[in-house]
Structure formats: C-alpha cells, structure tokens
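Residues 1 to 287 (UniProt numbering) are what the sequence shown spells out, left to right. Just so you know, even glycine gets a beta-carbon here, dropped at the ideal spot from N, CA and C. Because the structure is a prediction, the values reported are computed rather than measured. Remarks on the structure that follows.
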Amino acid sequence: MTSLPAECPLWVMGDVHGAFDKLRTLLLSAGLIDVRGDWTGGRAHLVFLGDYMDRGPNGIGVVRLVRRLEAQAPASGGRVSALLGNHEVMFLAAQRFARSDPGDRYGFFDYWLANGGQGRDAANMTAEEEGWLAARPALLRVGRWLLLHADSPMYLHLGTSVNAVNAAVARLMQSVQPEVWGHFANAFAERLAFADHGGEKVARKLLNTFGGTRLAHGHTPVPILLGESGLAPEDGPGLPVLYASQLCVALDSGLTFGDAAGFLTRLDDRGVAEVVPYPAPERRTRF
Numbered sequence: 001m002t003s004l005p006a007e008c009p010l011w012v013m014g015d016v017h018g019a020f021d022k023l024r025t026l027l028l029s030a031g032l033i034d035v036r037g038d039w040t041g042g043r044a045h046l047v048f049l050g051d052y053m054d055r056g057p058n059g060i061g062v063v064r065l066v067r068r069l070e071a072q073a074p075a076s077g078g079r080v081s082a083l084l085g086n087h088e089v090m091f092l093a094a095q096r097f098a099r100s101d102p103g104d105r106y107g108f109f110d111y112w113l114a115n116g117g118q119g120r121d122a123a124n125m126t127a128e129e130e131g132w133l134a135a136r137p138a139l140l141r142v143g144r145w146l147l148l149h150a151d152s153p154m155y156l157h158l159g160t161s162v163n164a165v166n167a168a169v170a171r172l173m174q175s176v177q178p179e180v181w182g183h184f185a186n187a188f189a190e191r192l193a194f195a196d197h198g199g200e201k202v203a204r205k206l207l208n209t210f211g212g213t214r215l216a217h218g219h220t221p222v223p224i225l226l227g228e229s230g231l232a233p234e235d236g237p238g239l240p241v242l243y244a245s246q247l248c249v250a251l252d253s254g255l256t257f258g259d260a261a262g263f264l265t266r267l268d269d270r271g272v273a274e275v276v277p278y279p280a281p282e283r284r285t286r287f
C-alpha cells in the first residue's frame, strides 16, 4: 500500500452546501488559493467529498470554484478531486425529471426543495456543469485513505473495487428511469453505518473490499454524528471526529450550521495531521 509523500499534502473538504464565502476563506487560510481564488497549493491534493450545493446561498459559485481549481492545479503538480454527494443526485434528478415530468409525479423536485434546494443554483447551472456533476466518482483511494461521501454501506452493493463502483455509479447517472434514480437517492441518504452497533465491522468490510487502512467521509455533520451516536468528541464538536476504533474520520463540519462552523482538514499516513478552522486562522491546529 502506497504512503502519502510529504511534498504532496492531502487536504480534504467535507460538505460545502453552498457556503461559498466560507469555502474561500478556508482554502485561503490553508494556502491553497490566493485572494483571486486561483490555485496556490503547489503539489497538494485537495479532495472534496461532495454536496456542493443546497442549503447555502451560492452552490453554483462552489461548483465553479471547484472546477476552476481542478483545471488549474495540475500546472503546478497538484490535483483537485471532487466526489459525488447525495445532494448532487437529488439536484440532478430534480432538474432532469422536471423537464420530462412537469407535474413532478415522482416527487424529485419536491424532495430536492425539502432538502435545501436553491432556485438560484438551478436557474444558473449550465448543461456542461450538470454533466460535470453527473460524472463525479463515488470513491477515491489516496495512499492509505479510502475517501467517500456517505457513512453508508451503500457502496458495497455497487461493486467490489473502487473502479467497479465508480463505473456502476456512472451508469446509474445516465439512466432515464426514475425508479433507478429514486432507489439510488434513497440508498445514498443512509447514514451512521459506522457509528451504530456493529459499525466497526461495516467500516472494516469497506476497507477490505476497496483498500486502505482508514476511511474519511462527509454526509453526516459532526454535531449530528456526536448527538445521535453517543460518541464522545476527543477535541470538541468543531473538529473532525475519529471513531470506530480509529478506522473512520468524519469531516462534514456543518458549514451552514452556524456563523462559526466549518473546518478544512489535512490527512497523512498517521491520521488527522492538521485542521484549519473557520473563521480564525490563528486557531490552525497541527497534530
């Protein structure tokens, strides 16, 4: 299993949910962008765990910034990866079937709105940007880390390797059958699989199947994970949570949960290496 080279730091951003200004602040504080929003991360690898839109005010701005950095990073030896989140599935289903099903018989549009859908994002999203969202991979391996959006066993039902799961998801996202989209959206919404009774076993099964020794996920905000699972935070709710015998790290910082909520995390072979919190860079923590 490959390790992470020191000169190529791995930064991971959990669910952004349209919090464009917060995202820019965090990336600027970490030295990954400049004040113009251009890539300054050098050879760093920045991974987004999905859920770029909904709830917050500027999901379209988030999508465009991520795509911009994705295009710029390779020029300096860096890389930006963006995974698929369940809110992308909700958004794309709502837009796709709203065109062919104006009466919303399948409920995709109402489901999206009920989960924080923002009309501004839908009105300004181009066909190219929708295509980019639909092409997002579901899983990524980086060194010893398995990176995924949801704390769910759903991925195990889609394939037995990272490539197989990503290929299966790509096929799902091209389906014209509303039943396929509905089933996928429902499965993607599951959460807390690694924190419930037997969660460590589920986490180990994912790692044994897809590779890696630890996994990092978003999807379930840290405050909800702590509240519903009974987990005791090691460092407080404003930081990533390590759990399931240290196999899992939860990285959804709940950017839209409050004015001071949010963090960006650097991972290394040992675990959480550094946390950049919002809004004060002087609180930047190295482990």
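{"Asked": "If you count every other CB in all the chains shown that lies within 10 Å of the CB of Leu-35, and 16 or more means buried, which is it?", "Found": "According to the sequence shown, residue 35 is Val rather than Leu. It is exposed - the Cβ of Val-35 has fewer than 16 other Cβ atoms within 10 Å."}
{"Asked": "Take the Cβ of Ala-82 as the centre, count every other Cβ of all protein chains shown within 10 Å, and call the residue buried at 16 or more, exposed below.", "Found": "buried"}
{"Asked": "Does the beta-carbon of Gly-236 have 16 or more other beta-carbons within 10 angstroms, so that it is buried, or is it exposed?", "Found": "In this prediction, Gly-236 scores a pLDDT of 49, lower than 50, which makes its location untrustworthy; the coordinate-derived value is nonetheless stated afterwards. It counts as exposed."}
{"Asked": "With H, G and I counted as helix, E and B as strand and the rest as coil, what does DSSP make of Glu-7?", "Found": "coil"}
{"Asked": "Kindly identify the DSSP beta-bridge partner or partners of Arg-141.", "Found": "Leu-146"}
{"Asked": "What are the start and end residues of the beta strand (DSSP E) that includes Pro-277?", "Found": "271-277"}
{"Asked": "Would Met-90 and Tyr-111 qualify as a contact pair, given that the criterion is a beta-carbon distance under 8 Å?", "Found": "yes"}
{"Asked": "Decide if Gly-198 is buried, meaning its Cβ has at least 16 other Cβ atoms within 10 Å, or exposed.", "Found": "exposed"}
{"Asked": "I'd like the list of long-range same chain contacts for Thr-209, defined as Cβ closer than 7 Å, with 5 residues on each side in sequence excluded.", "Found": "Leu-156, Thr-160"}
{"Asked": "Just list the residues that DSSP pairs His-45 with in beta bridges.", "Found": "Leu-10, Arg-79"}
{"Asked": "According to the Cβ coordinates, are Thr-220 and Ala-250 closer than 8 Å?", "Found": "yes"}
{"Asked": "Tell me whether His-157 sits in a helix, a strand or coil according to DSSP, three-state version.", "Found": "helix"}
{"Asked": "So what's residue 296 in DSSP terms, helix, strand or just coil?", "Found": "No statement about residue 296 is possible, as the shown extent of the chain runs from 1 to 287 and does not include it."}
{"Asked": "Go through its chain and collect everything with a Cβ distance to Leu-10's Cβ below 6 Å, but skip five positions before and after it.", "Found": "Leu-4, His-45, Val-142, Leu-267"}
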